[in-house]
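This report refers to the structure that appears directly beneath it.
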Amino acid sequence: MAERTYKRSLPRLRDPMAVAFYGHCKNHELRFQRCTDCQAWRHVPRDLCAKCGSFNWEWAKSAGKGKVFSWTTAMQPMLPPFADAIPYSPVVIEMDEGVRMVSWLTNVANDDLRLGLPVEVEFEDVTPEVTLPKFKKVVSSQ
Ligand SMILES: [Zn+2]
Numbered sequence: 216m217a218e219r220t221y222k223r224s225l226p227r228l229r230d231p232m233a234v235a236f237y238g239h240c241k242n243h244e245l246r247f248q249r250c251t252d253c254q255a256w257r258h259v260p261r262d263l264c265a266k267c268g269s270f271n272w273e274w275a276k277s278a279g280k281g282k283v284f285s286w287t288t289a290m291q292p293m294l295p296p297f298a299d300a301i302p303y304s305p306v307v308i309e310m311d312e313g314v315r316m317v318s319w320l321t322n323v324a325n326d327d328l329r330l331g332l333p334v335e336v337e338f339e340d341v342t343p344e345v346t347l348p349k350f351k352k353v354v355s356s357q
């Protein structure tokens with residue numbers, strides 16, 4: 216068995232929807248559920264559309280772009296494997312499709328975090344099985 220070098224927590228891939236979500240991430244695609252009756256996007260994955268009550272949905276590909284909606288900066292590690300990262304800032308990203316997800320910014324210092332900061336997804340293959348969606352600040356070409 217290969218040595219596990221990634222020390223931080225990994226998603227539990229037991230629920231079929233989590234398996235599907237991270238399966239798309241492994242292919243470097245960010246996909247969210249979208250209701251095929253009313254077209255509402257949703258995340259985290261679940262059976263029922265909260266807008267229209269439909270059980271019909273698809274995995275629709277996100278454009279991968281969004282904005283910083285919120286964050287908190289941890290000054291003490293909540294878990295030992297994060298001790299080398301403090302201070303670190305888990306962020307809530309609001310995607311252009313309207314759904315929000317918790318993630319990590321890869322190229323933004325804590326002091327440079329701003330509400331509405333434009334970001335785009337990138338993927339980090341942390342183990343042979345798991346790829347995590349993370350985000351980077353969109354650098355303007357001007
Ligand atoms: Zn719906």
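If you read the sequence shown in our numbering, its first letter stands for residue 216, the second for the next number, and so on.
Beta carbons: idealized from backbone N, C-alpha and C, even for Gly.
Since this is a predicted model, take the numbers as computed values, not measurements.
Please state whether DSSP places residue i in a helix, a strand or coil.
i    : result
M232 : helix
P226 : coil
A265 : coil
D340 : strand
M216 : The pLDDT assigned to M216 is 46, lower than 50, so where the model puts this residue is not dependable; a value taken from the coordinates is nonetheless given after this. Of the three classes helix, strand and coil, the one that applies to M216 here is coil, per DSSP.
C250 : strand
G238 : helix
Would you say the beta carbon of residue i comes nearer than 8 Å to a heavy atom of ligand 1?
i    : result
I262 : In the sequence under discussion, the amino acid at residue 262 is Asp, which differs from the Ile named in the question. For ligand 1, not one heavy atom lies less than 8 Å from the Cβ of D262.
K349 : no
K352 : no
P313 : A small fix is needed here, since residue 313 is Gly in this sequence, not Pro. G313 Cβ: outside cutoff for every heavy atom of ligand 1.
S269 : yes
Q254 : yes
K282 : no
C240 : no
K266 : yes
Check the DSSP bridge columns for residue i and list the partner residues they point to.
i    : result
F297 : Answer is none; F297 lacks a bridge partner.
F350 : L320, V336
V306 : W286, S318
G281 : M310, V334
R257 : Q248
Worksheet item: Using 8 Å as the threshold, is the region 220 to 235 in touch with the region 342 to 351, meaning 3 or more CB pairs across them?
Response: yes
Discussion item. Using a Cβ distance threshold of 8 Å, determine whether the region 269 to 277 contacts the region 239 to 259, with at least three qualifying pairs required.
Written reply: yes
Worksheet entry | the region 326 to 340 contacting the region 263 to 275, beta-carbon criterion three pairs below 8 Å | no
Fill in: Cβ pair count under 8 Å reaching 3, the region 305 to 322 against the region 279 to 290
yes
Worksheet item: Contact between the region 254 to 269 and the region 294 to 302: three or more CB pairs below 8 Å?
Response: no
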